[in-house]
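Have a look at the structure below, then the notes.
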Ligand SMILES: [Zn+2]
């Protein structure tokens, strides 16, 4: 006897698609707040893939790429295997305000730092916990969709713990995603580390930012994600079709290039996501007299995968997301050493 998958207020049987919600507590109007959830359960057994957007509320690429995915004809439960669970926004309060965290929750602001939260914690911790209780029960694979949000443009990078399940998921993203920033398995604080610690496949995927949300550019940004989602579903035989892969992967680790001066950061003419040499000039910070206060350079051979786009910067803020490349792998799934 096949059992229903129960997520929030819905029960889903094979061959069904349902919309529902996970309750996360009432607001002051006395109305229950809910996280929207969409479930496609294929007729046949298979992997359970969760895609979660807007853990950070200034990153709308998750909800819109999920909308574009739902437009695809491949998402037909009668032809699918396994289950696809879509959670367009994990932090709806933050998304409503367009900010990284819930502006009313000063004590648990960044949901990607205190995940999985607690049932009796601060407001955002309770939201994370309500999601985690259900997702950890059903998910084999979890994709957390992120971007540069309110500060930066990020370009097709993913963070992967070095467990085989997560590396396979990274490979399955397809040829547009060949920058793998890997880490040791273990730790808490974000969904990727928590799910990988449970032996699941989990990635934090980064592409886009507010500076690319105007007009059809936003659609183009989100389509990079949709291509990845479709390729992943093919790879795990959730939908029909041949999956495709990168020829090679640039495996490295992130180096945070923070401002050591306050002023205007203006990036140099450096291509995103191409190999550059250590010492290449990445940008300058100018004061209001026009003097150069700091010149940022590449700290290693590697790739710039993100740049601050809002010029105003103070000491300690992000300027550049740099991927120091440790090796080029022909097979991402053969794990190596991580930093
Ligand atoms: Zn984020």
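In the working numbering, the protein residues as written are -8 to 330.
Where is the CB? At the ideal position from N, CA and C, for every residue including glycine.
If we count the other Cβ atoms within 10 Å of its Cβ and call it buried at 16 or more, is residue 217 buried or exposed?
Under this definition residue 217 is a buried residue.
Skipping 5 residues on each side, what residues in its chain have a beta carbon closer than 6 Å to that of residue 115?
Cβ neighbours of residue 115 beyond the five flanking positions: 93, 96, 99 and 102.
Looking at C-beta atoms only, is the number of pairs between the stretch 74 to 84 and the stretch 233 to 251 that lie closer than 8 Å three or more?
Contact between the stretch 74 to 84 and the stretch 233 to 251 is absent, because fewer than three Cβ pairs lie under 8 Å.
Given that a residue counts as buried once 16 or more other Cβ atoms are within 10 Å of its Cβ, and exposed if not, what is residue 338?
A question about residue 338 goes unanswered here, because the residues of the chain that appear run from -8 up to 330.
Kindly indicate which three-state DSSP category residue 70 falls into: helix, strand or coil?
Residue 70: coil per DSSP, three-state reduction.
Bridge partners for residue 43 per DSSP, in chain order?
Answer is 78 and 135.
Is the beta carbon of residue 162 closer than 9 Å to that of residue 323?
For residue 323 and residue 162, yes; Cβs fall inside 9 Å.
Start and end of the beta strand (DSSP E) containing residue 198?
Element bounds for residue 198: 192 to 199.
Buried or exposed for residue 335, please, with buried defined as at least 16 other CB atoms from any protein chain shown within 10 angstroms of its CB.
Here the chain comprises residues numbered -8 to 330, so residue 335 is not present and cannot be evaluated.
Span of the beta strand (DSSP E) holding residue 30?
Taken as a continuous stretch (DSSP letters only), the beta strand (DSSP E) holding residue 30 covers 23 to 32.
At the level of alpha carbons, what is the spacing between residue 354 and residue 118?
The structure shown does not extend to residue 354, since the chain is modelled only from -8 to 330, so the question has no answer here.
Taking only heavy atoms of ligand 1 into account, decide whether any of them is closer than 8 Å to the Cβ of residue 174.
Checking every heavy atom of ligand 1 against the Cβ of residue 174, none is found closer than 8 Å.
Among residues of its own chain, excluding the 5 on either side of residue 75, which ones have a beta-carbon nearer than 6 Å to its beta-carbon?
Excluding sequence neighbours, residue 75 sits near 31 and 40.
Could you tell me which of 181, 260 and 276 sits nearest to residue 250, measuring between CA atoms?
Closest option to residue 250, Cα to Cα, is 276.
Which first and last residues belong to the beta strand (DSSP E) in which residue 152 is found?
143 to 152 is the span of the beta strand (DSSP E), which, as asked, contains residue 152.
What's the call for residue 104, buried or exposed, on a 16-neighbour Cβ count within 10 Å?
Exposed.
Per DSSP, what kind of secondary structure is residue 272 in: helix, strand or coil?
Three-state DSSP puts residue 272 in a strand.
Near residue 243, which residues of its chain fall below 7 Å by C-beta distance, leaving aside the five closest residues on each side in sequence?
For residue 243, where only same-chain residues beyond five positions count, the Cβ hits under 7 Å are 172, 293, 314, 315, 316 and 317.
Using a strict less-than 7 Å threshold between each residue's beta carbon and the heavy atoms of ligand 1, what residues do you get?
Answer in sequence order: 46, 47, 50, 103, 137, 138 and 140.
Could you tell me the distance, in whole angstroms, from the CA atom of residue 55 to the CA atom of residue 43?
Taking the straight line from one Cα to the other gives about 11 Å.
Mind checking which residues open and close the beta strand (DSSP E) that includes residue 17?
Segment 8 to 17, the beta strand (DSSP E) holding residue 17.
In angstroms with no decimal places, state the Cα-to-Cα distance between residue 157 and residue 112.
Distance between the alpha carbons of residue 157 and residue 112 is about 29 Å.
Bridge partners of residue 277, per DSSP?
For residue 277, which the question treats as bridged, DSSP gives the partners 255 and 283.
Take residue 79 as the anchor and find which of 299, 25 and 155 has the nearest alpha-carbon.
It is 25.
Applying the 10 Å Cβ sphere with the 16-neighbour rule, what's the burial state of residue 175?
With fewer than 16 other Cβ atoms within 10 Å, it is exposed.
Can the beta-carbon of residue 106 be found less than 9 Å from the beta-carbon of residue 179?
Yes; because the gap between Cβ atoms is below 9 Å, this pair is in contact.
Under the rule that 16 or more other beta-carbon atoms within 10 Å means buried, what is residue 235, buried or exposed?
With fewer than 16 Cβ atoms within 10 Å of its Cβ, residue 235 is classed as exposed.
Have a look at residue 256 and residue 274 and give me their C-alpha separation to the nearest angstrom.
Cα to Cα, residue 256 sits roughly 7 Å from residue 274.
What are the residues that DSSP puts in a beta bridge with residue 240?
Partner(s): 320.
Can you give the Cα-Cα distance for residue 127 and residue 263, rounded to whole angstroms?
The straight-line gap from Cα to Cα measures roughly 35 Å.
In its own chain, which residues sit with a C-beta less than 6 Å from the C-beta of residue 308, not counting the 5 before and 5 after it?
Result list for residue 308: 250, in chain order.
Which residues bound the alpha helix (DSSP H) around residue 188?
Taken as a continuous stretch (DSSP letters only), the alpha helix (DSSP H) holding residue 188 covers 182 to 188.
Taking the CB atoms as reference points, tell me whether residue 138 and residue 299 lie closer together than 9 Å.
Result no, Cβ atoms of residue 138 and residue 299 do not sit closer than 9 Å.
Just grab the DSSP bridge partners of residue 212 for me.
According to DSSP, which records beta bridges pairwise, residue 212 is partnered with nothing at all.
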